[in-house]
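Working notes for the structure below.
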Amino acid sequence: MKSKSIGQRVLERAVHKLGASQLASRLRISELALDAMLTGLATVPDVILLRAVDVVMDEEPEFNPPPSEAPKSTKPPT
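Counting from 16, one number per residue, gives the positions in the sequence shown under the working numbering.
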């Protein structure tokens with residue numbers, strides 16, 4: 016039995032979060048293309064993988080810290 020690719024696993028997590036229809040729309044692909052990638056009939060292109068990672072990362076707060084209040088300068092005072 017062949018193990019799932021990282022692309023398939025990321026897509027599965029994104030489908031779990033949004034549902035197949037909404038994910039396909041967000042990835043700008045058809046549901047048929049999404050299904051082919053999920054089942055391993057098609058390879059997950061890098062651009063689709065990166066968009067799916069964005070979807071998955073939205074649910075991981077530890078990976079999305081709030082922006083800092085103000086950037087700190089590394090220059091010494093003049």
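Quick reminder that beta carbons are idealized off the backbone N, C-alpha and C, glycines included.
Check: Let me know the secondary structure DSSP gives residue 32 once reduced to three states.; Outcome: helix
Check: Starting from the C-beta of residue 59, find all residues in its chain whose C-beta is less than 6 Å away, skip the five residues before and the five after it, and write them out in chain order.; Outcome: 22 and 52
Check: Note the first and the last residue of the continuous alpha helix (DSSP H) segment covering residue 63.; Outcome: 61-72
Check: Taking the beta carbon of residue 62 as the centre, do at least 16 other beta carbons fall within 10 Å, making it buried, or is it exposed?; Outcome: exposed
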